[in-house]
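Heads up: the structure comes next, in structure tokens.
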Amino acid sequence: ESNSDGDGDDAAALFSIHNLENFERGTSTSQRNLQVDESIEKALSLIMTMTAEHPPSSINNDDINSNPILLSCLHVIEYLLRKYRIHSRPSTASALLSAFLPLQMAHPTAYPRLF
Numbered sequence: 015e016s017n018s019d020g021d022g023d024d025a026a027a028l029f030s031i032h033n034l035e036n037f038e039r040g041t042s043t044s045q046r047n048l049q050v051d052e053s054i055e056k057a058l059s060l061i062m063t064m065t066a067e068h069p070p071s072s073i074n075n076d077d078i079n080s081n082p083i084l085l086s087c088l089h090v091i092e093y094l095l096r097k098y099r100i101h102s103r104p105s106t107a108s109a110l111l112s113a114f115l116p117l118q119m120a121h122p123t124a125y126p127r128l129f
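Set out below in structure tokens:
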């Protein structure tokens, strides 16, 4: 069990070697899946903060590719989708949408490939 002082500690646990090697959604208990979901929600909250502070200024791919913070956030989202299947669990799917829908409203042309 993690001794977390903040969102970053829980979110960092998602990317630990232990989780990379030992966690599978289908073979984990409901309680363990809920714990992971909570950590994912915290990670998505951090990503939302970062992408809101550093949004792309246009739909130009060069602009997106030259924004290392945004690019890193998108890589983390891709990892969470592949490893933890965040799109298939109600709580994490809603957290994913909550992370990007406000950005889509504020910057409607910034994320054309996502929506």
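Read in order, the letters of the sequence shown are residues 15 to 129 in this note's numbering.
Glycine is no exception: its CB is placed at the ideal position from the N, C-alpha and C atoms.
- Query: Which of helix, strand or coil does DSSP assign to residue 103?
  - Reply: The answer is coil: DSSP assigns residue 103 none of H, G, I, E or B.
- Item | Residue interval of the alpha helix (DSSP H) (run including residue 53) | Run containing residue 53: 44–67, per the alpha helix (DSSP H) assignment.
- Message: Which of the three DSSP states is assigned to residue 29 in this structure?
- Response: DSSP, read as helix, strand or coil, puts residue 29 in coil.
- Message: Under DSSP, the alpha helix (DSSP H) around residue 92 begins and ends at which residues?
- Response: Here the alpha helix (DSSP H) through residue 92 covers 82–98.
- Message: Applying the 10 Å Cβ sphere with the 16-neighbour rule, what's the burial state of residue 83?
- Response: Result: exposed.
- Exposed or buried, what is residue 112 when buried is set at 16 or more other beta-carbons lying within 10 Å of its beta-carbon? Flag for residue 112 reads exposed.
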